[in-house]
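What follows is one structure encoded as structure tokens, with my remarks underneath.
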Amino acid sequence: MKLTFLGGYPPDLLAQTADAIRQGTLGPSLLRRYPEAHEARNDAALRDYVMTFKNQYLRSTPPLSHIGYDNRLHVIRNALGTHATISRVQGAKLKSRREIRIASLFRTMPEVFLRMIVVHELAHLRERDHDKAFYQLCRHMAPDYHQLEYELRAYLCWLEITGEALWT
């Protein structure tokens, strides 16, 4: 069984996750742990959610001109979220816009998974690369960041293999 989203994790953890998927226990376990989806279902609610974190942890970073769900982000082939800086020349000035787009899959997930991806994309406002400083910032905003990332990746493996979405 290929666990596409769990590359780089230790073999024993991969085996344990594969067994849980094979036995059909991973999905129900995640559903018991996180029974409900979040309420930020539209772009306006997502913007409020993201801005709460940005204002609390990253006040000095440049403003965000767009925050929203993106139906074009395909989780299996692309990304869970994106951050972009778009620069345009306006007269004699260079104008920059910063955007965060979250895959539409997150509209119906538990709040903890939305928090994980939001924290990840916000951390890119300050740290471009996935290096030690980046993950320290992620843990500063969400102390359980690594656990949430693993659980989200395990759920994505469950979804890819079984096709069974847990939250709607």
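In the numbering used here, each residue carries its 1-based index in the sequence shown increased by 2. C-beta atoms are modelled at their ideal positions from N, C-alpha and C, and glycine is treated no differently.
Beta strand (DSSP E) segment containing residue i, residue limits
i      : result
His175 : In the structure as shown, the chain begins at 3 and stops at 170. Residue 175 is therefore absent and cannot be evaluated.
Gly70  : His68 to Asp72
For residue j and residue i, the rounded distance between their alpha carbons
i      : j      : result
Leu154 : Met53  : 22 Å
Gly26  : Ser98  : 47 Å
Arg100 : Arg35  : 34 Å
Leu48  : Met118 : 13 Å
Tyr71  : Ala105 : 6 Å
Host alpha helix (DSSP H) of residue i (start-end)
i      : result
Tyr152 : Tyr147 to Thr164
Other residues of its chain near residue i: CB distance less than 7 Å, five sequence neighbours each side excluded
i      : result
Leu32  : Glu153, Tyr157 and Leu168
Leu161 : Ala167
Same chain, Cβ closer than 8 Å to residue i, five either side skipped, listed in chain order
i      : result
Val121 : Phe55, Cys140, Met143, Ala144 and Tyr147
Asp45  : Ile69, Gly70 and Tyr71
For residue i, the three-state DSSP class (helix, strand or coil)
i      : result
Ala42  : coil
Ala167 : coil
Lys4   : coil
Ala125 : helix
Arg24  : helix
Ser62  : coil
Cβ shell of residue i (< 6 Å), same chain only, five flanking positions each side left out
i     : result
Ile78 : Because Ile78 sits at a pLDDT of 48, beneath the cut-off of 50, its placement in the model cannot be relied upon, and the following sentence gives the value as read from the coordinates. No residues qualify anywhere along the chain.
Chain B contact for residue i (CB, 7 Å cutoff)
i     : result
Pro65 : Protein chains in the displayed structure number just one, and chain B is not present.
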